[in-house]
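Sequence lines, in order, name chains A and B. Mapping of the first sequence onto our numbering: residues 3 to 240, in sequence order. Mapping of the second sequence onto our numbering: residues 3 to 240, in sequence order. Using N, Cα and C, we set each Cβ at its ideal position, and we do this for glycine too. Predicted model, so just to flag it, every value in this text is computed and none were measured. Presented below is the structure to which this report refers.
There are 2 protein chains.
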Amino acid sequence: MAGRAAVPEVIWARPERTGRGPKPAFTRADIAAAAVRIADAEGLDAVSMRHVAAELGCGTMSLYNYVPRKEDLYELMVDAVGAEHELFEPTGDWRADMLRNAEETRAIMYRHTWVPRLMSGLFGFSPNTLRYLEHCLACLEPLDVPAGTKTELIALLNGVVTTYAANDIATIERTRSMPWSEEEENAVRMAYLGSQVATGAYPRLAAAFMEQSGPVDLEAVFRRALERLLDAYDPGLR
Amino acid sequence: MAGRAAVPEVIWARPERTGRGPKPAFTRADIAAAAVRIADAEGLDAVSMRHVAAELGCGTMSLYNYVPRKEDLYELMVDAVGAEHELFEPTGDWRADMLRNAEETRAIMYRHTWVPRLMSGLFGFSPNTLRYLEHCLACLEPLDVPAGTKTELIALLNGVVTTYAANDIATIERTRSMPWSEEEENAVRMAYLGSQVATGAYPRLAAAFMEQSGPVDLEAVFRRALERLLDAYDPGLR
DNA sequence: CCTAGTTACGTACACCGTACGTAGTGCGCT
DNA sequence: AGCGCACTACGTACGGTGTACGTAACTAGG
């Protein structure tokens, strides 16, 4: 009468050890770190149970003692990089603080290009996520709006950061396993875009396409978008 | 001296047929429709080359005559649902028009819950995407800002729609292959969140948690976020 | 002490994407 | 007219995946 749990489970609610039996050889942090190492070096698709187990030097199935499903491994990974957020002392300038938080999130995503792909699709209430949320709320203390509005602002900011980073990073991640470079891929896609625009079927798009001179400064675009968003929540500007 | 193309390729740049040899048994639209049907009914993970081929009634490897890589199949799928956008005549009220566009995008994602997962990670210049982009630019004609700012706004709106829908939809998609329901999963996760908040480690989060009475109206939150975003780009409000 | 709950892990299964080889088909060129 | 070649179709096979299940070793609680 064993049977696996036919009921959902949050990995964070499961204690790391239960006291009985041999001492576990690894901690959750060990496993997360190994998976992150692999994902950073070889891409998210290289993160397989076998590969992670090999990195740790244990049998594949032993991993399942720590992580009931692979998806939980993903949750460990996201939580692990969440620890890279610097939870600085709020300065009292909520705009500056939130900008700093957003820039940091963006930096983390560029350090770990697989994060955006995992972020959408995760419920995201891991310990480090909660800590970061609390930190953001602390930064927003000076902002005089209801708490609900604050969490909405945080969600919106995070969403925008993720969106921008994901779009920018997607090509990098995709070309990782391809025999051609990111630049080649972009060139081909841009060439197609150019050919389509040249048909005249998209006049306004063509105009926008022509207007821009030189490559887009994504960093600047990103910062502008953030400023706009903060404006929209700034009571001093309405 | 055959060898596969060692150079990137955009599926949309490849012609549907080349004239020589037997007539293809299917069109790209057939294949996309079959894949969409499977994804809608059984989830994105059920979309395998074998499954799609079976749905079409042909051998697995025959698919590769139409679609060089599985990722291209994904692009076909995204483009196919992109056709569901109603390209209405702009009313002159750019805010209302863009709201309508966003709501429609959201509706499409709820109809095809696998779309968000594919959206992030795709470069996204398929024919229907281009058409939709052009349509948005048409809606933004009355807005007196540079074309670059308009595309930024469109990107931002789409990003936010995707993010919000993704978060909301993730649980549905995830529980599809699980032996428990979406509600059960959500309940377990909320219980964990509550237990964490109750530890007192996250006072501000706790306050925000307590403040809300009853379940969150995601639709309303979404609409508020959109309004804020539009505010951020509305010259009349600055 | 003993036993129940763990950890560890080898084996096995069903499924995946897709490289490759072969056979048949019909357009384009000479 | 007829040859050749580019194309479609598709069976087989390979190396990978997540993970269910069974067995052996181990240790804390009663």
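#### Entry: Against chain A: residues of the stretch 58 to 89 of chain B by CB proximity under 7 Å
Listed in sequence order: no entries.
Fill in: Reference Arg113 of chain B; option with closest CA among B:Arg230, B:Ala15 and B:Asp170
Of the candidates B:Arg230, B:Ala15 and B:Asp170, the one whose C-alpha sits nearest the C-alpha of Arg113 of chain B is B:Asp170.
- Would you say Ala4 of chain B faces chain A, with C-beta separation under 9 Å as the test? Per-residue confidence for Ala4 of chain B stands at a pLDDT of 39, beneath the threshold of 50, marking its modelled position as unreliable; no derived number is given.
Beta carbon proximity, Asp170 of chain A to chain B, threshold 9 Å = Taking a beta-carbon distance threshold of 9 Å, Asp170 of chain A does not count as an interface residue toward chain B.
- Backbone CA spacing between Glu86 of chain B and Cys60 of chain A [nearest angstrom]: One C-alpha to the other measures close to 49 Å.
Burial state of Ser122 of chain A (16 or more Cβ within 10 Å): Answer is buried; the Cβ neighbour count reaches 16.
| Are the CB atoms of Met51 of chain A and Leu75 of chain A nearer to each other than 9 Å? | Contact annotation: Met51 of chain A and Leu75 of chain A have beta-carbon atoms nearer than 9 Å.
Q. Is the CB-CB distance between Cys138 of chain A and Met111 of chain A below 9 Å?
A. Against a cut-off of 9 Å, the Cβ pair of Met111 of chain A and Cys138 of chain A comes out as no contact.
Q) How many Å lie between Glu175 of chain A and Arg22 of chain A at the Cα? A) Annotation: Glu175 of chain A to Arg22 of chain A spans about 42 Å, alpha carbon to alpha carbon.
field: Under the three-state DSSP convention, the category Gln214 of chain B falls into
entry: It is coil, neither helix nor strand.
Using a Cβ-Cβ cutoff of less than 6 Å, which residues in the same chain neighbour Pro17 of chain A once the five nearest sequence positions on both sides are dropped? Closer than 6 Å at the Cβ level, and outside the excluded window around Pro17 of chain A, lies no residue.
Check: Taking buried to mean at least 16 other C-beta atoms within 10 Å of its own C-beta, is Leu46 of chain A buried or exposed?
Finding: Counting Cβ neighbours within 10 Å, Leu46 of chain A comes out buried, since at least 16 surround it.
DSSP three-state label for Gly84 of chain A, please. It is helical.
Counting C-beta neighbours from all protein chains within 10 Å, is the total for Arg39 of chain A 16 or more, i.e. buried, or is it exposed?
Its Cβ having fewer than 16 others within 10 Å, Arg39 of chain A is exposed.
>> Report the start-end ranges of each alpha helix (DSSP H) in the stretch 91 to 154 of chain B that is 4 residues or longer and not cut off at the edges.
In response: Counting whole runs of 4 or more residues, the stretch 91 to 154 of chain B contains the alpha helix (DSSP H) stretches 96 to 113, 117 to 121 and 129 to 141.
**Request:** Express the C-alpha separation of Val117 of chain A and Trp96 of chain A in angstroms, rounding to a whole number.
**Result:** Cα-Cα distance, rounded: 26 Å.
Under a Cβ-count criterion, where at least 16 other Cβ atoms within 10 Å of its own Cβ denotes burial, should Thr165 of chain A be classed as buried or exposed?
Buried: at least 16 other Cβ atoms inside 10 Å.
*asked:* Along the chain, where does the alpha helix (DSSP H) containing Ile40 of chain A start, and where does it finish?
replied: Here the alpha helix (DSSP H) through Ile40 of chain A covers Arg30 to Glu44.
Among the candidates A:Ala41, A:Tyr194 and A:Ser197, whose CA atom is the shortest distance from the CA of Ala82 of chain A? Per the Cα distances, A:Ala41.
Considering only residues of the same chain and omitting the five flanking positions on each side of Leu207 of chain B, which have a CB-CB separation below 7 Å?
-> Closer than 7 Å at the Cβ level, and outside the excluded window around Leu207 of chain B, lie Val199.
Using only the alpha-carbon positions, how far apart do Leu135 of chain B and Glu229 of chain A sit?
Cα-Cα distance, rounded: 24 Å.
### Message
Can you tell me where the alpha helix (DSSP H) holding Arg22 of chain A begins and where it ends?
### Response
Looking at the DSSP string, Arg22 of chain A is not in any alpha helix (DSSP H), and its letter there is neither H nor E.
Exercise. When the Cα atoms are used, what is the spatial distance from Asn67 of chain A to Trp182 of chain B?
Worked result: Their Cα atoms are separated by approximately 22 Å.
Practice prompt. Could you confirm whether any beta carbon from chain B is found closer than 9 Å to the beta carbon of Ser197 of chain A?
Written response: Yes, Ser197 of chain A lies at the interface with chain B (some Cβ there is under 9 Å from its Cβ).
- Confirm, please, whether the CB-CB distance from Ala35 of chain B to Arg108 of chain B is below 9 Å. In this structure, Arg108 of chain B lies away from Ala35 of chain B, with their beta-carbon atoms at least 9 Å apart.
Practice problem: Compare the C-beta of Gly238 of chain B with all C-beta atoms of chain A and state if any pair is closer than 9 Å. | Solution: No, its Cβ sits nowhere closer than 9 Å to a Cβ of chain A.
Item to complete: Mind reading off the beta-carbon distance from Leu158 of chain A to Leu232 of chain A? Whole number of angstroms is fine, and I expect it under 8 Å.
Response: With 8 Å as the limit, Leu158 of chain A and Leu232 of chain A do not qualify as a contact, their Cβ atoms being about 10 Å apart.
| Distance, Cα to Cα, Gly2 of chain B vs Ala172 of chain A? | Within the shown structure, residues of chain B are numbered from 3 to 240, placing residue 2 of chain B beyond reach of any answer.
Residues, ordered as in the chain, of the stretch 17 to 28 of chain B that lie near chain A by beta-carbon distance below 7 Å
So nothing in the stretch comes that close.
Open item on the list: Just to confirm before moving on: does the CB-CB distance between Val163 of chain B and Phe224 of chain B stay below 9 Å?
Closed with: By the CB criterion at 9 Å, Val163 of chain B and Phe224 of chain B fall inside the cutoff.
Any C-beta of chain A sitting closer than 9 Å to the C-beta of Val162 of chain B?
It does: the Cβ of Val162 of chain B has a partner Cβ on chain A nearer than 9 Å.
At 7 Å on the CB atoms, spell out the chain B contacts of Asp233 of chain A, in chain order.
What Asp233 of chain A touches in chain B, judged by beta-carbon distance under 7 Å, is Ala234, going in chain order.
Helix, strand or coil, according to DSSP, for Tyr76 of chain B in the structure here? Three-state DSSP puts Tyr76 of chain B in a helix.
- In three-state terms, what does DSSP make of Pro10 of chain A? Here Pro10 of chain A sits in coil by DSSP.
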